[in-house]
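Undergrad:
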Amino acid sequence: MFRKKTLESDLERRLEIEKSGTPDVSGEVLRELEKPLDYEIETAQQFQARMAHVRSLMSELLVRTNLNEWAAHTEMAEQESEVVMKIRDACKAREMLREALLESQAKAEKAMAERKTRYEVKISQFLAAKPVQDCFRSYKDSRQNWKLAQLKHGLQSQKRTGGRFK
Numbered sequence: 001m002f003r004k005k006t007l008e009s010d011l012e013r014r015l016e017i018e019k020s021g022t023p024d025v026s027g028e029v030l031r032e033l034e035k036p037l038d039y040e041i042e043t044a045q046q047f048q049a050r051m052a053h054v055r056s057l058m059s060e061l062l063v064r065t066n067l068n069e070w071a072a073h074t075e076m077a078e079q080e081s082e083v084v085m086k087i088r089d090a091c092k093a094r095e096m097l098r099e100a101l102l103e104s105q106a107k108a109e110k111a112m113a114e115r116k117t118r119y120e121v122k123i124s125q126f127l128a129a130k131p132v133q134d135c136f137r138s139y140k141d142s143r144q145n146w147k148l149a150q151l152k153h154g155l156q157s158q159k160r161t162g163g164r165f166k
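In terms of the numbering used here, the sequence shown opens at residue 1 and continues consecutively.
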């Protein structure tokens, strides 16, 4: 009961305060005052329309971002596959070069071994045909023959030029 009395007294005080703040106003003035409220409602409607437009733009931006991200991932995957193919081709080329190198090395070693055996066979045949001392003698003889040929050639050229050396 006490509570009811306090609430009623509070309500009465508020009504008195309200009456003192707003004296009796004619209906015409109140209609004029309602216009800004209509304007605010229109502004709120415009704001809602703008917000709806902004929301649609944001959703469109989100969709485009997702599409761009998907396109970027796709492009990166394609570039990665191209790089993988180039690396694979380089590895295959390197393997082919290695095989060619080993093959040419084997051929060269085989050819050198064949030349060595042929050379050894010729040396053994040559040594079997002539003793070692004969080899040195034939070397000395060939050197002396060369010197004699040089002297002979020099004398012949002197005869042609009248005793003068060229």
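Just so it is clear, CB atoms sit at the ideal spot from N, CA and C, and this is done for glycine as well.
(1) Can you look up Met1 in the DSSP assignment and give me helix, strand or coil?
(2) Would you report the Cα separation of Arg13 and Met51, rounded to the nearest angstrom?
(3) Straight-line CA distance for His53 to Leu61?
(4) What is the rounded straight-line gap between the Cα of Leu148 and the Cα of Ser142?
(5) Cα separation between Met58 and Thr74?
(6) Measuring only the C-alpha atoms, how far is Ala93 from Val83?
TA: Once the coordinates are examined:
(1) In the sequence shown, the residue the question calls residue 1 occupies position 1. In this structure, Met1 counts as coil in the three-state DSSP scheme.
(2) Residue 13 sits at position 13 when you count from the first residue of the sequence shown. Residue 51 sits at position 51 when you count from the first residue of the sequence shown. Distance between the alpha carbons of Arg13 and Met51 is about 43 Å.
(3) Here residue 53 corresponds to residue number 53 of the sequence shown, with the count starting at 1. Here residue 61 corresponds to residue number 61 of the sequence shown, with the count starting at 1. For His53 and Leu61, the distance between alpha carbons rounds to 12 Å.
(4) On the sequence shown, residue 148 is found 148 positions in, with the first residue counted as 1. On the sequence shown, residue 142 is found 142 positions in, with the first residue counted as 1. If I take the Cα positions, the gap works out to 10 Å.
(5) Here residue 58 is taken as the residue at index 58 of the sequence shown, counted from 1. Here residue 74 is taken as the residue at index 74 of the sequence shown, counted from 1. Taking the straight line from one Cα to the other gives about 24 Å.
(6) Taking the sequence shown and counting its residues from 1, one reaches residue 93 at position 93. Taking the sequence shown and counting its residues from 1, one reaches residue 83 at position 83. Approximately 15 Å between the Cα atoms of the pair.
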